[in-house]
Amino acid sequence: MANVYSVTQVNSYIKNMFVQDFLLNRISVRGEVSNCKYHTSGHIYFTLKDKSGTLSAVMFAGQRKGLDFQLREGQQVVVSGTIDVYERDGKYQLYAKEIKRDGVGDLFERFQKLRNELEDMGMFAAEYKQPIPKYAKTVGIVTASTGAAIQDIINISKRRNPYVQLILYPALVQGENAKLSIVKGIETLDAMGLDVMIVGRGGGSIEDLWAFNEEIVARAIFDCQTPVISAVGHETDVTIADYVADLRAPTPSAAAELAVFDYRQFEGQLQVIREALTRGMARSLERKKYQIEQCRMRLLMHHPERQMNEYRQRVTDMEEQMKAIVDRRLLDRKHQLALLGGRLHGLSPLEKLSRGFGFVTDEAGTRVESVKGLEVGRHLDVRLRDGKVKTQIVTIT
359 MANVYSVTQV
369 NSYIKNMFVQ
379 DFLLNRISVR
389 GEVSNCKYHT
399 SGHIYFTLKD
409 KSGTLSAVMF
419 AGQRKGLDFQ
429 LREGQQVVVS
439 GTIDVYERDG
449 KYQLYAKEIK
459 RDGVGDLFER
469 FQKLRNELED
479 MGMFAAEYKQ
489 PIPKYAKTVG
499 IVTASTGAAI
509 QDIINISKRR
519 NPYVQLILYP
529 ALVQGENAKL
539 SIVKGIETLD
549 AMGLDVMIVG
559 RGGGSIEDLW
569 AFNEEIVARA
579 IFDCQTPVIS
589 AVGHETDVTI
599 ADYVADLRAP
609 TPSAAAELAV
619 FDYRQFEGQL
629 QVIREALTRG
639 MARSLERKKY
649 QIEQCRMRLL
659 MHHPERQMNE
669 YRQRVTDMEE
679 QMKAIVDRRL
689 LDRKHQLALL
699 GGRLHGLSPL
709 EKLSRGFGFV
719 TDEAGTRVES
729 VKGLEVGRHL
739 DVRLRDGKVK
749 TQIVTIT
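Using this note's numbering, read the sequence shown as starting at 359 and increasing by one per residue.
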């Protein structure tokens with residue numbers, strides 16, 4: 359019976375064969391970069407390909423000092439390093455020590471050519487971009503029915519707003535018929551009058567994403583009446599669909615964040631607005647109450663009864679003032695009358711008669727004030743205080 363070897367022994371034997379091969383220890387390989395991924399550790403994992411085959415490659419973080427450009431999909435490069443076997447997986451790969459650019463790959467060249475043509479046509483112009491609705495109620499999705507992309511969109515949509523309706527068109531997103539399936543999905547959902555549409559898929563190599571670099575897909579997005587968010591691959595992946603779409607999302611998850619508004623945040627904003635309105639209404643009501651009170655006080659001040667009372671009070675005050683004036687004037691007149699009465703009393707004949715004087719008149723009753731004109735023998739009447747005496751002139755001296 360032939361010897362039986364373990365898997366580890368076989369992998370170790372093959373690894374030793376690679377180590378002993380001088381050509382594989384110092385080799386340079388030309389190819390097009392595909393499926394390029396920058397790991398968080400700093401390592402770069404990628405695939406070199408040509409028309410007939412592919413070769414896995416890795417550049418560790420410690421070897422990146424000499425890399426003076428960003429390694430991207432579609433670049434034509436020359437990679438120098440060592441081809442060795444990774445024993446755990448039993449796979450061989452190129453361990454890169456140096457990478458130099460060597461022109462542009464075929465796919466990338468096609469990508470650039472179409473991008474420039476569509477840009478010259480104005481299909482990327484900002485004036486054709488439609489705004490994404492802030493509060494979408496219906497969201498269409500053109501992507502594969504299986505895979506991480508649709509699951510991420512569903513999970514994030516449910517978390518942000520469970521009331522938003524998601525409508526999926528299960529399209530092919532990879533392969534020869536993918537472009538026609540994507541176009542059909544865009545046209546079907548556009549006819550439904552949705553609020554916004556997400557078109558995309560998860561990450562992959564430039565070949566995997568190529569359906570979103572097709573002109574027919576770009577024109578379908580451009581002609582779409584529904585605002586379109588493109589979400590193709592990872593953040594570093596850029597496709598023609600990203601340029602022509604109304605908004606580009608770096609990932610399908612980010613597209614869900616952009617298309618579906620956060621209902622809890624929306625409720626919080628509504629609560630803040632509601633409280634602000636309540637405070638504003640309370641302040642306004644308080645001001646109106648104050649104004650009404652001021653108007654009421656002014657009405658009370660100008661009320662006819664109040665004015666009548668005021669006029670009555672004024673008339674009463676005027677009556678009192680007039681009475682006081684009349685009383686003062688009457689008192690003054692009484693004082694003046696008393697003085698005049700006193701003076702008149704002093705001049706009264708009766709007053710003089712009471713003092714021993716007499717009032718002399720002739721026979722005709724004419725007052726006699728002088729001896730002139732009197733004759734002896736004439737009769738005179740002398741009026742005294744308590745009576746009258748008839749006399750006759752005996753002598754005149």
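Don't be surprised by glycine CBs; every beta carbon is placed ideally from N, CA and C.
Since this is a predicted model, take the numbers as computed values, not measurements.
Buried or exposed for residue i, please, with buried defined as at least 16 other CB atoms from any protein chain shown within 10 angstroms of its CB.
i      : result
Gly420 : exposed
Cys394 : buried
Gly735 : exposed
Pro489 : exposed
Arg654 : exposed
Pro585 : buried
Phe469 : buried
Val435 : buried
Taking residue i as the reference, which of the options has the closest Cα?
i      : options                        : result
Glu593 : Gly735, Asn369, Ala612         : Ala612
Ser392 : Gly400, Ala415, Val500         : Ala415
Ser410 : Leu547, Glu390, Gln679, Arg422 : Glu390
Leu567 : Gln532, Glu615, Val726, Arg468 : Gln532
Glu757 : Leu605, Tyr648, Tyr621, Ile631 : This structure does not reach residue 757, given that the chain is present from 359 up to 755, and the question cannot be answered.
Ala549 : Glu534, Asn535, Ser563, Ala578 : Ala578
Glu721 : His397, Val740, Phe619, Ala529 : Val740
Phe376 : Val443, Ser503, Asp600, Ile650 : Val443
Ser386 : Thr440, Thr412, Phe380         : Thr440
Lys730 : Val365, Asp675, Ile754         : Ile754
Ala603 : Val618, Ala529, Val575, Phe619 : Val575
Thr597 : Phe482, Glu445, Thr674, Lys423 : Phe482
Quick check on residue i: does DSSP put it in helix, strand or coil?
i      : result
Ser399 : coil
Leu413 : strand
Asp447 : coil
Phe404 : strand
Phe619 : coil
Glu456 : strand
For chain D, is any of its Cβ atoms less than 7 Å away from the one on residue i?
i      : result
Gly551 : The question asks about chain D, but that chain is absent: this structure has only one protein chain.
Between the C-alpha atoms of residue i and residue j, what's the straight-line distance to the nearest angstrom?
i      : j      : result
Arg459 : Gln433 : 7 Å
Val718 : Leu742 : 9 Å
His660 : Ile650 : 15 Å
Asn667 : Asp690 : 34 Å
Lys537 : Gly400 : 35 Å
Val541 : Tyr527 : 11 Å
Lys493 : Leu635 : As written in the sequence, residue 493 is Tyr, which differs from the Lys given in the question. Rounded to the nearest angstrom, the two C-alpha atoms are 22 Å apart.
Subject >> Segment contact flag, the stretch 557–564 with the stretch 589–609, C-beta cutoff 8 Å, min 3 pairs >> reply: Cβ pair count under 8 Å is three or more, so yes.
Original post:
If you pair each beta-carbon of the stretch 510–524 with each one of the stretch 565–580, do three or more pairs fall below 8 Å?
Top reply: Segments in contact, no.
Subject >> Three CB pairs or more closer than 8 Å across the stretch 616–631 and the stretch 639–647 >> reply: Using a Cβ-Cβ distance cut-off of 8 Å, the stretch 616–631 and the stretch 639–647 are not in contact, since fewer than three pairs of beta carbons, one from each stretch, lie closer than that value.
**OP:** Could you tell me whether the stretch 540–549 touches the stretch 488–508, where touching means 3 or more Cβ pairs closer than 8 Å?
**Re:** Two segments are said to touch when three or more pairs of C-beta atoms, one from each, lie closer than 8 Å; by this definition the stretch 540–549 touches the stretch 488–508.
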